[in-house]
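Chains as they are written, first to last, in the working numbering: chain A, 181 to 335; chain B, 181 to 335. The beta-carbon is built from N, C-alpha and C at its ideal position, and this holds for glycine as well. Written below as structure tokens is the structure these notes are about.
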DNA sequence: GGGTGTTCGATGAAGTGTCAACCACGTCTA
DNA sequence: TAGACGTGGTTGACACTTCATCGAACACCC
């Protein structure tokens with residue numbers, strides 16, 4: 181007996197499903213808002229935010245990839261698309277001829293400056309405004325703990 | 181003064197980022213596990229689970245789409261791919277000649293029966309085991325509340 | 001110096017999701 | 001009953017992500 185896996189209790193099942201649902205709905209809604217009223221995807225947004233936080237708006241693919249936790253292939257494809265739209269440019273790297281830099285353009289800065297306030301407002305209206313500070317603390321703690329376990333587990 | 185949007189407080193910023201990170205990491209990890217050791221995507225899994233919970237493993241596109249909260253286009257594309265792999269079949273509908281049914285096949289049942297225990301175990305090991313029952317309750321409540329606000333807002 | 005192995009990034013293919021347009025069938029109404 | 005409208009599902013184009021593979025450049029070590 182007992183070779184069957186432990187199934188979820190009703191509470192666990194319910195909590196897990198609610199959580200998944202929250203991710204799908206909230207993520208979808210925020211992505212759609214960002215796209216329709218700023219022309220950026222969540223990924224574009226993340227790249228641009230990061231580049232504005234870095235000296236000269238300029239960083240190696242490698243380092244940007246690490247910061248965003250993106251695979252190098254994803255970096256390459258995505259930056260190529262963003263470069264096609266003029267949000268960033270690719271620059272050769274003198275010190276290491278294999279490498280390259282991603283550099284934010286003026287258009288990229290303009291895009292993120294226009295998008296950020298709206299996005300923050302959306303995060304407030306759709307999420308933060310409906311969560312108490314205590315709940316938010318619980319969420320943050322739990323998130324960090326689970327992520328750090330994931331990191332321990334398999335790098 | 182004050183035309184600038186309310187920015188996030190450091191606590192809000194931190195909580196929000198941790199939460200996003202959790203979603204990306206946990207979701208990615210679970211998806212990869214499911215894919216590599218059962219050959220199913222999360223979407224495949226959701227479809228098959230739902231079909232096993234329904235009489236004769238058979239449901240209208242429409243109803244399945246509503247249950248999963250998928251757009252009809254997504255249904256059509258995804259079911260076509262799953263049918264190509266033999267997990268489900270499409271069946272014409274006698275009562276309404278426009279409509280169609282999605283029906284799980286034996287291969288589909290076999291796939292989900294093999295995948296489900298592993299997936300549940302993964303959800304436990306990667307998530308539930310690191311969250312207290314109290315935290316889980318908070319998460320569930322908060323998720324439901326936010327989702328219901330999203331529903332109120334714009335259908 | 002000349003392997004040997006490693007790192008950086010590019011590339012192509014395949015699966016996924018969204019949007020917009022479309023078609024075929026049903027329903028309602030004048 | 002004919003025309004208008006609504007509904008169920010399909011299709012094609014495009015954006016995004018992952019995977020596997022590749023070529024070029026670097027680093028180490030004999």
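Beta carbon proximity, residue i to chain A, threshold 8 Å
i             : result
residue 195/B : yes
residue 330/B : yes
residue 388/B : Because chain B is modelled from 181 through 335, residue 388/B falls outside the range shown and cannot be assessed.
residue 316/B : yes
Under 8 Å between C-beta atoms of residue i and residue j
i             : j             : result
residue 248/B : residue 263/B : no
residue 292/A : residue 237/A : no
residue 214/B : residue 267/B : no
residue 260/B : residue 271/B : no
residue 322/A : residue 315/B : yes
residue 330/A : residue 206/B : yes
residue 295/A : residue 218/A : yes
residue 246/B : residue 273/B : no
residue 158/A : residue 325/B : Summary: the structure shown does not reach residue 158/A, with chain A confined to residues 181 through 335, and so no result is reported for it.
residue 282/A : residue 220/A : no
residue 258/B : residue 290/B : no
residue 304/B : residue 186/A : yes
residue 327/B : residue 318/A : no
residue 234/A : residue 188/B : no
residue 320/B : residue 198/A : yes
residue 203/B : residue 242/A : no
Contacts that residue i makes with chain B (C-beta to C-beta distance below 9 Å)
i             : result
residue 311/A : 195, 322, 325, 326
Beta-carbon neighbours of residue i, restricted to chain B and to distances below 8 Å
i             : result
residue 130/A : This structure leaves residue 130/A out entirely; chain A is present only between 181 and 335.
Residue-level contact to chain B via CB, residue i, 8 Å cutoff
i             : result
residue 254/A : no
residue 300/A : yes
Residues bridged to residue i [DSSP beta-bridge criterion]
i             : result
residue 284/A : 268/A
residue 209/A : None; residue 209/A has no bridge partner.
residue 240/A : 281/A
Contact list for residue i against chain A, beta-carbon separation under 8 Å
i             : result
residue 203/B : 203, 207
residue 192/B : 308, 316
residue 186/B : 300, 301, 304
Contacts that residue i makes with chain A (C-beta to C-beta distance below 9 Å)
i             : result
residue 225/B : Neighbours of residue 225/B on chain A: none; closest Cβ ~11 Å, over 9 Å.
residue 229/B : Correct list: empty, because the minimum Cβ distance to chain A is about 11 Å.
Neighbour list for residue i in chain A, Cβ cutoff strictly below 7 Å
i             : result
residue 289/B : Ordered by position in chain A, no residue passes the 7 Å Cβ test against residue 289/B, which lies about 16 Å from the chain.
*Ranges of the alpha helix (DSSP H) found wholly within the region 284-321 of chain A, counting only runs of at least 4*: Fully enclosed alpha helix (DSSP H) runs of 4 or longer: 286-306.
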